[in-house]
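Single-structure report; data block below.
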Amino acid sequence: MLGNLKVTYICVTLKLHNMKQEINHTLFFTQSPQEVWEYLTIPELMEQWLMKSDFKPIVGYQFQFNSKPIPQLDFDGTFYCTVLEVVPLKKLTYSWKSGPGERNIRIDSIVEWVLNAKENGTELVLKHSGFSLVDNLPMYAGLNDGWLKNMHKIAALLNKKHDGTTKA
Amino acid sequence: MLAKDSLTINSIADNFEMSRPAVSKHIKVLCGAGFISIKDVGRERHCTLKQDGFNELQKWINFFDKFWNTKLNKLQSLLNQKTK
Numbered sequence: 001m002l003g004n005l006k007v008t009y010i011c012v013t014l015k016l017h018n019m020k021q022e023i024n025h026t027l028f029f030t031q032s033p034q035e036v037w038e039y040l041t042i043p044e045l046m047e048q049w050l051m052k053s054d055f056k057p058i059v060g061y062q063f064q065f066n067s068k069p070i071p072q073l074d075f076d077g078t079f080y081c082t083v084l085e086v087v088p089l090k091k092l093t094y095s096w097k098s099g100p101g102e103r104n105i106r107i108d109s110i111v112e113w114v115l116n117a118k119e120n121g122t123e124l125v126l127k128h129s130g131f132s133l134v135d136n137l138p139m140y141a142g143l144n145d146g147w148l149k150n151m152h153k154i155a156a157l158l159n160k161k162h163d164g165t166t167k168a
Numbered sequence: 169m170l171a172k173d174s175l176t177i178n179s180i181a182d183n184f185e186m187s188r189p190a191v192s193k194h195i196k197v198l199c200g201a202g203f204i205s206i207k208d209v210g211r212e213r214h215c216t217l218k219q220d221g222f223n224e225l226q227k228w229i230n231f232f233d234k235f236w237n238t239k240l241n242k243l244q245s246l247l248n249q250k251t252k
């Protein structure tokens, strides 16, 4: 029975691994890192292009982005975020969660901004990744990290297996 | 699942270390999230992959794809205008 469950777990993990798991964007601005950083960290400036929020660049700070609800996604219009990492003018990371409402979380993910100073401006890199569905029982919340690690381990085993069979 | 795939998956399972309680917990999470359904048949648990969870996840990723395209375009025009 354990074998069956393990096999199922591996199938799901592999299927998830094959889905597009990350969104990546790289942009270039002629402005300095300081200026670009302000558009990522000052709510009045963020609101002009991203969304209204009560963001503060403090690790551990919990904030929200306000957006329009989308019934087809069972989304109530609010993104719940927690600041994870702040390296002024260089890196900003926060968790990004959303769901059907009243703080019910359904989707969990991580948004990471990296600023690279260039000779004539700033390169801004966005990585939105770590997408996972969240079962609403809080006692399982801590499993996400472990699951992602397992995903990589299983994918590595699969690659090793394929390499093994293609060698003459 | 093709027979060929099932041989591969089974051999991965053999090489993949995971304790019984950990597997149980993860299966419960996957079930709650809509990726699998579990049916007790006699003494056995039968697991089936469900499309629901995968479809939902894909919908969200597609949404964020368009979302970031729109927002970053706005940021680009905003800052480009400032240099004029």
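Protein sequences, first through last, are from chains V and P.
Using this note's numbering, you'd call the opening residue of the first sequence number 1 and step up by one each time.
Using this note's numbering, you'd call the opening residue of the second sequence number 169 and step up by one each time.
Beta carbons: idealized from backbone N, C-alpha and C, even for Gly.
Pair within 7 Å by beta-carbon distance, residue i and residue j
i, j, result
"V/Y80", "V/Q64", "yes"
"V/S129", "V/E22", "yes"
"P/I177", "V/T8", "no"
"V/G77", "V/K91", "no"
"V/T93", "V/P33", "no"
"P/N183", "V/L157", "yes"
"V/W49", "V/L89", "no"
"P/A201", "P/G221", "yes"
"V/I10", "P/I229", "no"
"V/L5", "P/I195", "yes"
"V/F75", "V/S53", "no"
Nearest to residue i (by Cα), restricted to the options the options
i, options, result
"V/Q62", "V/E123, V/D76, V/E85 and V/A155", "V/E85"
"P/L198", "P/K207, P/L217 and P/L247", "P/L217"
"V/L126", "V/H17, V/P71, V/L27 and V/G60", "V/L27"
"V/S95", "V/Q72, V/S132, V/W49 and V/D76", "V/S132"
"V/K20", "P/L243, P/N223 and P/A201", "P/N223"
"V/K56", "V/L45, V/I70, V/T41 and V/K149", "V/T41"
"P/K239", "V/K153, V/L45, V/N116 and V/T30", "V/L45"
"V/D108", "V/K160, V/S53 and V/V134", "V/V134"
"P/L225", "V/K153, V/V114, V/K118 and V/R106", "V/R106"
"P/Q219", "P/R213, P/E212 and P/K227", "P/K227"
"V/N24", "P/V209, P/F235 and P/K193", "P/F235"
"V/N66", "V/L73, V/M51 and V/V59", "V/M51"
Boundaries (first-last residue) of the beta strand (DSSP E) holding residue i
i, result
"V/K118", "I107 to K118"
"V/K91", "K91 to S98"
"P/F184", "No beta strand (DSSP E) contains P/F184, which DSSP labels as neither H nor E."
"V/S32", "That residue, V/S32, is in no beta strand (DSSP E); it is neither H nor E in DSSP."
"V/V134", "Looking at the DSSP string, V/V134 is not in any beta strand (DSSP E), and its letter there is neither H nor E."
Contacts of residue i in chain V (Cβ-Cβ under 7 Å)
i, result
"P/D233", "I23"
"P/K146", "The shown model of chain P, from 169 to 252, leaves out residue 146 of chain P, and the question about it has no answer."
Residue i at chain B interface by Cβ criterion, 7 Å
i, result
"P/G210", "Here chain B cannot be found, since the structure's protein chains are V and P."
Closer than 9 Å at the beta carbon, the chain P residues around residue i
i, result
"V/F131", "L225, W228, I229 and F232"
"V/L73", "E224, K227, W228 and F231"
"V/Y39", "L243, L246 and L247"
Partners in chain V for residue i, counting only beta-carbon separations shorter than 9 Å
i, result
"P/K239", "W49, L50 and M51"
Amino acids of chain P, ordered along the chain, whose beta-carbon sits closer than 7 Å to that of residue i
i, result
"V/L84", "In chain order: nothing, as chain P lies at least about 18 Å away."
"V/T30", "T251"
"V/I107", "W228"
"V/K20", "I229"
Closer than 8 Å at the beta carbon, the chain V residues around residue i
i, result
"P/S192", "L5"
Closer than 8 Å at the beta carbon, the chain P residues around residue i
i, result
"V/L126", "W236 and L240"
"V/L157", "I180, N183 and F184"
"V/V134", "A201"
"V/M151", "Within chain P, no residue comes near V/M151; the closest Cβ sits about 11 Å away, beyond 8 Å."
"V/I154", "I180 and F184"
**Request:** For the region 37-83 of chain V, list the alpha helix (DSSP H) runs that are entirely contained and at least 4 residues long, ordered along the chain.
**Result:** 43-49
**Request:** May I have a chain-ordered list of the alpha helix (DSSP H) segments no shorter than 4 residues that lie completely inside the region 186-220 of chain P?
**Result:** 188-200
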